[in-house]
Amino acid sequence: MTAAGPRTYAAPSDRGSASLWLLAVGLLLVAAGIAGAAVGAARVAGRQAKVAADLGALAGATRTLDGAGPACARAAMIVEANGARLVSCTPDGLDLLVTADVVVHPMPGLARTASATSRAGPVRAGPGGPP
2 MTAAGPRTYA APSDRGSASL WLLAVGLLLV AAGIAGAAVG AARVAGRQAK
52 VAADLGALAG ATRTLDGAGP ACARAAMIVE ANGARLVSCT PDGLDLLVTA
102 DVVVHPMPGL ARTASATSRA GPVRAGPGGP P
């Protein structure tokens with residue numbers, strides 16, 4: 002006859018709780034990943050809008066002597082080629098102010114707009130003369 006030691010059992014309510022905890026942690030990590038991707042998409046859209054506005058303003062500023070129509074048409078072409086939408090184009094003397102929008106969908110069913118404004122024109126002399 003062998004002497005068996007005392008047997009211990011976990012309480013019935015604790016059985017399988019590790020699986021639930023693992024599932025909860027996994028869902029938390031997935032949610033954090035989705036949130037991080039949404040923030041990243043919004044940041045990329047903001048940079049894309051800024052680049053489109055910068056390049057559109059530079060391209061349009063080269064045509065400001067021809068008038069507002071040709072300058073803004075050139076700016077619109079460059080802004081749209083960079084995946085943005087021209088919101089406004091305003092000549093200011095020899096400068097050109099361009100505002101561009103990029104629509105981003107960080108999550109399904111959620112749309113946000115990133116907007117940027119840029120100014121371009123000829124170089125002006127500072128207080129000490131030409132650069």
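FYI, the numbering for the sequence shown is 2 to 132, going by this note's numbering. Backbone N, C-alpha and C fix where the C-beta goes; we use that ideal spot for every residue, glycine too. Model, not experiment: these values are computed from the prediction.
Checklist entry - In the DSSP assignment, what residue or residues form a beta bridge with proline 92? => result Counted from its first residue, the sequence shown places residue 92 at position 91. According to DSSP, proline 92 bridges with Leu97.
Checklist entry - Are the region 36-55 and the region 116-125 touching, with three or more C-beta to C-beta distances below 8 Å? => result yes
Checklist entry - Run through DSSP, which three-state label would glycine 68 get? => result For the purposes of this step, residue 68 is taken as residue 67 along the sequence shown, with counting starting at 1. DSSP places glycine 68 in coil when its eight states are reduced to three.
Checklist entry - Hey, alanine 115 and aspartate 102 are a contact pair by Cβ (cut 8 Å); roughly how many whole angstroms apart? => result What you label residue 115 is simply residue 114 of the sequence shown in a count that begins at 1. What you label residue 102 is simply residue 101 of the sequence shown in a count that begins at 1. Going by Cβ atoms, the distance from alanine 115 to aspartate 102 rounds to 7 Å, so yes, they are a contact pair.
Next on the checklist: Closer than 8 Å is the cut-off here; do at least three beta carbon pairs connect the region 58-76 with the region 85-94?
Outcome noted: yes
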